[in-house]
Every structure is written in C-alpha cells, then in structure tokens.
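*Asks:*
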Amino acid sequence: MEQKRLILDSPLLEITISRLCQQLIEQHHMFEDTVILGMQPRGIFLAERIKTKLESLLAIHIPIGYLDTTFYRDDFRRRNAPLKANATKVPFIIEDKKVILIDDVLYTGRSVRAAMDAMIAFGRPRKVELLALVNRKYSRDLPIEPDYVGRHVNTLASQRVLVEWKEQGAASDHIWLINKQDL
Amino acid sequence: MQQLSSRHLLGIKGLTPEDIELIFETADTFKEVINRPIRKVPSLRDVTIANIFFENSTRTKLSFELAEKRLSADVVNFSSSNSSVKKGETLLDTVNNILAMKVDMVVIRHSSPGAPHFLARHINANIINAGDGTHEHPTQALLDAYSIREKHGSVAGKKVAIIGDILHSRVALSNIFALQKLGADVMVCGPNTLLPKYIAHLGVKVELDVKKALQWCDVANVLRIQLERQQIKYFPSLREYALYFGINKRLLDSLDKKITIMHPGPINRGVELSSDVADSEHSIIMNQVENGVAIRMAVLYLLAGTSNEKKQVNK
Numbered sequence: 001m002e003q004k005r006l007i008l009d010s011p012l013l014e015i016t017i018s019r020l021c022q023q024l025i026e027q028h029h030m031f032e033d034t035v036i037l038g039m040q041p042r043g044i045f046l047a048e049r050i051k052t053k054l055e056s057l058l059a060i061h062i063p064i065g066y067l068d069t070t071f072y073r074d075d076f077r078r079r080n081a082p083l084k085a086n087a088t089k090v091p092f093i094i095e096d097k098k099v100i101l102i103d104d105v106l107y108t109g110r111s112v113r114a115a116m117d118a119m120i121a122f123g124r125p126r127k128v129e130l131l132a133l134v135n136r137k138y139s140r141d142l143p144i145e146p147d148y149v150g151r152h153v154n155t156l157a158s159q160r161v162l163v164e165w166k167e168q169g170a171a172s173d174h175i176w177l178i179n180k181q182d183l
Numbered sequence: 001m002q003q004l005s006s007r008h009l010l011g012i013k014g015l016t017p018e019d020i021e022l023i024f025e026t027a028d029t030f031k032e033v034i035n036r037p038i039r040k041v042p043s044l045r046d047v048t049i050a051n052i053f054f055e056n057s058t059r060t061k062l063s064f065e066l067a068e069k070r071l072s073a074d075v076v077n078f079s080s081s082n083s084s085v086k087k088g089e090t091l092l093d094t095v096n097n098i099l100a101m102k103v104d105m106v107v108i109r110h111s112s113p114g115a116p117h118f119l120a121r122h123i124n125a126n127i128i129n130a131g132d133g134t135h136e137h138p139t140q141a142l143l144d145a146y147s148i149r150e151k152h153g154s155v156a157g158k159k160v161a162i163i164g165d166i167l168h169s170r171v172a173l174s175n176i177f178a179l180q181k182l183g184a185d186v187m188v189c190g191p192n193t194l195l196p197k198y199i200a201h202l203g204v205k206v207e208l209d210v211k212k213a214l215q216w217c218d219v220a221n222v223l224r225i226q227l228e229r230q231q232i233k234y235f236p237s238l239r240e241y242a243l244y245f246g247i248n249k250r251l252l253d254s255l256d257k258k259i260t261i262m263h264p265g266p267i268n269r270g271v272e273l274s275s276d277v278a279d280s281e282h283s284i285i286m287n288q289v290e291n292g293v294a295i296r297m298a299v300l301y302l303l304a305g306t307s308n309e310k311k312q313v314n315k
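Protein chains in written order, with my numbering: chain A, 1 to 183; chain B, 1 to 315.
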C-alpha cells in the first residue's frame with residue numbers, strides 16, 4: 001500500500017512563495033489597482049502569506065479579502081447534507097480592480113467557477129487572475145487554468161492533496177499526496 | 001458538513017440545541033450576505049417554495065419571501081382569503097394541488113395547531129411552520145434567541161421574561177422551548193386569566209407583577225394582546241391592561257438596571273408598550289426584524305440541502 005508522499009515542505013514552500021511573489025510583481029508592479037482574494041477555507045492562509053511578503057518587499061499596502069463560495073457552489077442538493085459556510089470578509093469594492101484569486105489546491109475548477117460568481121457581488125473586476133499553490137493537472141471539469149502555479153502535480157482521482165498550514169495548528173507546513181483509501 | 005436532525009421545521013420542540021446552534025452559525029454568514037452591495041446568492045436557484053398563509057401576516061410573510069428571493073428560489077404565494085379554500089377545499093387537497101405543480105418546500109401558516117405536522121405526514125416536500133394557531137412559531141423564537149445572542153453575546157444564563165398574552169401566543173411557547181434549550185432562565189408574566197393553567201410545568205417562573213418581572217430579567221420579550229383569538233373577556237378593558245401590564249419609560253426608569261426590550265410585532269402602541277419605550281435605545285425590535293430574514297435564509301438553506309433527492313427518485 002502506498003504511503004503518503006510529501007510534495008512540498010516548509011523550506012521549499014518558502015522559496016515557492018517568494019518566486020510567486022516575484023512573478024506577481026512582474027505583472028502588477030506596485031499593486032496600485034490590485035486586490036487579493038483568498039478562498040475559504042485554506043486559500044486564506046496562502047493569501048495572507050503572499051500579502052505579507054509583497055508588503056515587506058515593496059513597502060506598500062495591499063487590500064485583502066476572504067471569499068467563501070459555499071452559497072455559489074453547483075453541487076447544492078446533490079450532496080447528502082449542505083456544506084457549512086465560512087465567513088466572507090471583503091471590506092472593499094472590487095469594481096474596476098485587478099483581482100488575484102488565491103487558493104491552495106486547484107483540482108476540478110468548480111470552486112474557482114463559484115468564486116468568480118461570488119466575487120461579482122462586490123463589483124465588476126477589470127481582470128481576474130488565478131494563483132494556485134498546487135495544480136492537479138489533467139483533472140479539470142471546467143475550462144479554467146491558473147496564471148501562477150507553485151507546483152504542478154499529476155494525480156489520480158483516487159488521490160487527495162492535503163495541505164497543512166502552521167496557521168491551522170500544524171507543527172510546520174506540509175503538502176502531502178495521499179491515496180484516499182489510506183485516509 | 002453538518003445538517004439538521006429533521007427535514008422539516010415544525011416546531012422548536014423537535015430541535016436539538018446543536019440544530020439551533022447550526023442555524024445561528026449559518027445565519028451569521030447570511031447576515032453578512034444581506035448587508036452586501038448585492039444581497040443575493042444563488043444557492044436555492046433550482047428550488048421552488050410555496051408560501052401558504054391561511055392566516056393574516058405582514059412581517060412573517062414578507063420576511064420569508066425576502067429570504068427566499070435572496071437565496072434565488074422561485075416563490076409562489078397563496079393566501080386563503082382569495083382562494084378555493086373559501087369554496088370548501090380541504091387543506092390536504094389544496095396543498096397536494098400546489099405540490100402537483102412541482103413545489104419543493106412549503107411554508108405554512110394555519111389557524112389550527114398541528115396543521116404543518118399533518119402535512120409533513122402526508123406530503124413529500126420540506127415543511128416549515130410559520131405559525132400554527134396557538135401552538136408554535138419556530139422561526140420567530142429562533143430570531144428572538146438569535147437577537148438576544150447578538151445583543152448579549154450568548155443566551156445561556158440570561159434571564160428572559162415573556163410578558164403579556166401567554167395563553168393565546170404561539171411565540172411564547174416556541175420562545176420557552178428555544179430559550180430553555182439554549183440554557184436561559186425563563187419567566188412568564190401577565191394577568192392570571194392570560195396565563196395557561198399548567199404553564200409552570202414547563203419549568204418556567206410565573207409572575208403576576210410586571211414590575212417584579214422587569215426587575216428580575218435581563219431581557220423582556222413583550223407580546224401583543226391577541227384580541228382576535230379571545231372569545232371571551234379576559235380583562236376589563238385595554239385601558240386597565242395598559243395601566244397594570246403596559247411598559248412605559250417611567251416604569252423602566254424606576255428599575256435599578258438597564259434591560260433589553262423585544263417585541264415580535266405588530267405592536268399595539270399604548271397598550272403593552274408605550275412609544276417612548278418601543279422607539280428607545282432599550283428596544284431591539286428593528287434588529288429582530290433584520291435578523292428574521294437571516295434566520296429564515298439559514299433555515300431554508302439547511303432544510304433545502306437535507307431534502308433527500310435519492311428518496312424522491314426511488315419513490
């Protein structure tokens with residue numbers, strides 16, 4: 001039986017986040033019209049780290065919001081029970097802003113579709129970009145691709161990507177690939 | 001993933017404290033939604049809801065309808081005053097006809113206690129009780145307890161006095177159940193004739209002096225005198241009721257503490273509450289109305305999600 005396999009650990013993750021920040025600076029310069037939206041529940045930790053890193057690199061302030069997609073999902077009433085929502089905190093209007101949507105794992109793309117639907121409640125963005133720490137290749141249900149990627153991985157439907165953040169109480173950051181029957 | 005223990009909301013009596021807490025936590029997220037620039041989410045876009053009101057209502061009906069529309073449900077309204085009920089159709093026939101038009105959820109208000117329970121036994125939609133006679137009015141009790149939680153941080157350990165026409169009030173009974181399940185201390189107060197005979201058996205304190213009740217409580221939930229349900233005279237006159245049980249600013253000022261005033265509406269100004277109390281900073285009546293929409297969105301969302309599609313397919 002296959003054990004869980006480490007995809008990224010703390011030091012490597014630090015390097016990856018730094019690289020993602022540099023790529024963002026290439027595109028967004030001083031972030032004058034750019035806002036960050038972290039996707040609940042686990043994308044917000046990555047979003048906060050990227051925001052902190054960018055702010056210390058550039059000595060600027062970047063608006064950040066948390067977006068919850070529960071009420072916008074397309075699988076309501078197709079599950080046995082409704083999903084519990086997390087808080088949405090978007091303390092600004094995204095009208096005419098460039099939005100960087102951040103999540104930890106990109107899999108089927110359905111959450112991202114829901115997130116694009118959800119963000120429209122806060123205005124019409126000029127442009128939306130997607131940043132994912134882990135891109136599970138060849139597993140998309142929808143025509144959605146990320147603009148910035150931490151790590152591409154090939155996965156099977158029977159596998160799961162597990163992200164552990166220090167902010168959630170883990171000893172250190174880890175990203176694992178796990179076979180579902182081992183869970 | 002969490003869900004309610006029932007696929008209907010018939011009364012507070014059938015809910016667990018965990019159910020109530022889940023509804024409150026879900027209502028928190030919907031309260032944020034209804035304060036956004038765009039106050040609408042698409043969750044219930046493939047759900048059709050019938051609001052069936054056999055009794056008059058302004059607030060509850062509006063509140064349910066707004067909650068349904070903010071969840072993007074399709075809504076049909078029915079009220080008995082302009083329907084075939086007048087022509088002698090039975091409750092079950094009326095509702096079955098509406099269901100034959102493919103309705104997923106039914107919100108019902110009826111003058112007979114148990115009408116929603118009767119429907120839940122006979123039809124396959126999710127049923128929400130919006131008031132059945134003098135029995136229960138669960139969403140009102142949920143929004144009342146939610147408003148107390150919002151104002152005071154929690155419901156547990158709070159002293160709540162329910163004052164007025166307890167005998168004819170479905171709000172009183174649902175409130176007693178909800179508050180007790182959440183760990184509050186409950187007192188009822190009113191003229192002896194308007195207190196049900198065995199009310200103390202529910203584990204509530206009984207008080208006949210409104211000043212003592214106010215002195216005891218942290219929150220006073222003041223109920224309307226329901227003249228339309230009173231077949232006989234329970235007190236000599238409204239003027240006398242206002243004199244002995246009406247709450248005015250002078251009475252509140254005479255207490256050595258500040259209490260919160262609630263009212264489920266509609267208010268009979270000058271009878272159970274004077275205007276200088278209803279519109280004062282003591283009152284959270286308008287917060288109750290706002291919270292009503294969030295609570296009803298939470299209930300609709302949680303119940304719609306638990307409706308068992310597989311069961312419907314197998315049938």
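Every residue gets a Cβ at the ideal spot worked out from N, C-alpha and C, and that includes glycine. Remember, predicted model here, so these are calculated numbers, not experimental data.
Give a yes or no on contact between the stretch 54 to 62 of chain B and the stretch 91 to 105 of chain A, applying the rule of three or more CB pairs nearer than 8 Å.
*Replies:* Not touching, per the Cβ criterion.
*Asks:* Is the beta carbon of Ala178 of chain B closer than 7 Å to that of Ala220 of chain B?
*Replies:* No.
*Asks:* Spell out a yes or no on whether the stretch 37 to 49 of chain B and the stretch 291 to 308 of chain B are touching, meaning 3 or more CB-CB pairs, one atom from each, closer than 8 Å.
*Replies:* Touching, per the Cβ criterion.
*Asks:* Expressed to the nearest angstrom, what Euclidean distance is found between the alpha-carbon atoms of Asp117 of chain A and Tyr72 of chain A?
*Replies:* If you take the alpha carbons of Asp117 of chain A and Tyr72 of chain A, they lie about 7 Å apart.
*Asks:* Mapping the DSSP letters down to three states, classify Gly292 of chain B as helix, strand or coil.
*Replies:* Residue state, collapsed to three classes: helix.
*Asks:* So, does the stretch 106 to 126 of chain A touch the stretch 138 to 146 of chain A, judging by three or more C-beta pairs under 8 Å?
*Replies:* Flag = yes, the stretch 106 to 126 of chain A and the stretch 138 to 146 of chain A touch.
*Asks:* Drop a sphere of 10 angstroms on the beta-carbon of Gln312 of chain B, count the other beta-carbons inside from all chains shown, and report buried for 16 or more, exposed for fewer.
*Replies:* For Gln312 of chain B, the predicted model reports a pLDDT of 43, less than 50, meaning its position is unreliable and no value from the coordinates is stated.
*Asks:* Does Gln3 of chain B get closer than 7 Å to chain A when you measure Cβ to Cβ?
*Replies:* Closer than 7 Å to some Cβ of chain A, the Cβ of Gln3 of chain B qualifies, so yes.
*Asks:* With 16 other CB atoms within 10 Å as the buried threshold, where does Gly11 of chain B fall?
*Replies:* Under this definition Gly11 of chain B is a buried residue.
*Asks:* Starting from Val41 of chain B, find everything on chain A with Cβ-Cβ shorter than 7 Å and list it in chain order.
*Replies:* Under the 7 Å cutoff, chain A gives Phe71 and Tyr72.
*Asks:* Give me the Cβ distance between Lys158 of chain B and Ile148 of chain B, rounded to the nearest whole Å; I'm assuming they're in contact under 8 Å.
*Replies:* With 8 Å as the limit, Lys158 of chain B and Ile148 of chain B qualify as a contact, their Cβ atoms being about 6 Å apart.
*Asks:* Taking 8 Å as the limit between beta carbons, can you name the residues of its chain near Arg269 of chain B, skipping five residues before and five after?
*Replies:* The residues are Ser275 and Ala278.
*Asks:* Between the C-alpha atoms of Asp256 of chain B and Met187 of chain B, what's the straight-line distance to the nearest angstrom?
*Replies:* Cα to Cα, Asp256 of chain B sits roughly 19 Å from Met187 of chain B.
*Asks:* Starting from the Cα of Arg42 of chain A, find the closest Cα among A:Gly169, A:Asp173, A:Asn179 and A:Trp165 and give me that residue.
*Replies:* The candidate whose alpha carbon is nearest that of Arg42 of chain A is A:Trp165.
*Asks:* Could you check where the alpha helix (DSSP H) with His152 of chain B kicks off and where it finishes?
*Replies:* Start and end: Pro138 to His152.
*Asks:* Measuring only the C-alpha atoms, how far is Arg36 of chain B from Arg70 of chain B?
*Replies:* C-alpha separation (whole angstroms): 11 Å.
*Asks:* Give the DSSP-derived three-state secondary structure of Lys310 of chain B in the structure shown.
*Replies:* The predicted model places Lys310 of chain B with a pLDDT of 40, which falls under 50 and marks its position as unreliable; any figure quoted below should be read in that light. DSSP places Lys310 of chain B in helix when its eight states are reduced to three.
*Asks:* List the endpoints of the continuous alpha helix (DSSP H) containing Lys31 of chain B.
*Replies:* That run of the alpha helix (DSSP H) goes Pro17 to Val33.
*Asks:* Look at the Cβ atom of Val47 of chain B, then the Cβ atom of Ala213 of chain B, and state whether they are nearer than 7 Å.
*Replies:* No, the Cβ-Cβ distance between Val47 of chain B and Ala213 of chain B is not below 7 Å.
*Asks:* Closer than 8 Å by beta-carbon distance: list the chain B residues that pair up with Lys84 of chain A, in chain order.
*Replies:* Neighbours of Lys84 of chain A on chain B, chain order: Met1, Gln2, Leu22, Glu25 and Thr26.
*Asks:* From the DSSP output, in three-state form, read off Asn124 of chain B for me.
*Replies:* Three-state result, Asn124 of chain B: coil.
*Asks:* The alpha helix (DSSP H) that contains Glu65 of chain B, what's its start and end?
*Replies:* Taken as a continuous stretch (DSSP letters only), the alpha helix (DSSP H) holding Glu65 of chain B covers Arg59 to Arg70.
*Asks:* Could you confirm whether any beta carbon from chain A is found closer than 7 Å to the beta carbon of Thr29 of chain B?
*Replies:* It does: the Cβ of Thr29 of chain B has a partner Cβ on chain A nearer than 7 Å.
*Asks:* I need the boundaries of the alpha helix (DSSP H) containing Val95 of chain B, first residue and last residue.
*Replies:* Run containing Val95 of chain B: Leu91 to Ala100, per the alpha helix (DSSP H) assignment.
*Asks:* Among all the DSSP beta bridges, which residues are the ones paired with Val128 of chain A?
*Replies:* Bridge partners of Val128 of chain A: A:Val99.
*Asks:* Check each candidate in B:Arg250, B:Thr306 and B:Ile20 and name the one with the smallest Cα separation from Ser280 of chain B.
*Replies:* Ranking the options by Cα distance to Ser280 of chain B, first place goes to B:Arg250.
*Asks:* Please confirm if Glu281 of chain B has its CB atom under 7 Å from at least one CB of chain A.
*Replies:* Cβ-Cβ to chain A under 7 Å: no for Glu281 of chain B.
*Asks:* If we count the other Cβ atoms within 10 Å of its Cβ and call it buried at 16 or more, is His110 of chain B buried or exposed?
*Replies:* It is buried - the Cβ of His110 of chain B has at least 16 other Cβ atoms within 10 Å.
*Asks:* I want to see whether chain A comes within less than 7 Å of Ile38 of chain B, judged by CB atoms only; does it?
*Replies:* Chain A, which has a Cβ nearer than 7 Å to the Cβ of Ile38 of chain B, makes this yes.
*Asks:* I'd like to know whether the C-beta of Lys180 of chain A is nearer than 7 Å to at least one C-beta of chain B.
*Replies:* No, Lys180 of chain A lies away from the interface with chain B (no Cβ there is under 7 Å from its Cβ).
*Asks:* Short check: CB of Leu173 of chain B to CB of Val155 of chain B, under 7 Å?
*Replies:* Against a cut-off of 7 Å, the Cβ pair of Val155 of chain B and Leu173 of chain B comes out as no contact.
*Asks:* Where do the ends of the beta strand (DSSP E) carrying Phe53 of chain B lie?
*Replies:* Thr48 to Phe53 is the span of the beta strand (DSSP E), which, as asked, contains Phe53 of chain B.
*Asks:* Can you give the Cα-Cα distance for Ile284 of chain B and Leu252 of chain B, rounded to whole angstroms?
*Replies:* If you take the alpha carbons of Ile284 of chain B and Leu252 of chain B, they lie about 15 Å apart.
*Asks:* If I'm right that Met262 of chain B touches Asp144 of chain B with Cβ under 8 Å, what's the distance once you round it to whole angstroms?
*Replies:* Confirmed, about 6 Å.
*Asks:* If you measure beta-carbon to beta-carbon, which residues of the stretch 37 to 53 of chain A are closer than 9 Å to chain B?
*Replies:* Result list empty, no residue passes.
*Asks:* Would you kindly work out how many angstroms separate the C-alpha atoms of Ala115 of chain A and Val206 of chain B, rounded to a whole number?
*Replies:* Those two C-alpha atoms are separated by around 52 Å.
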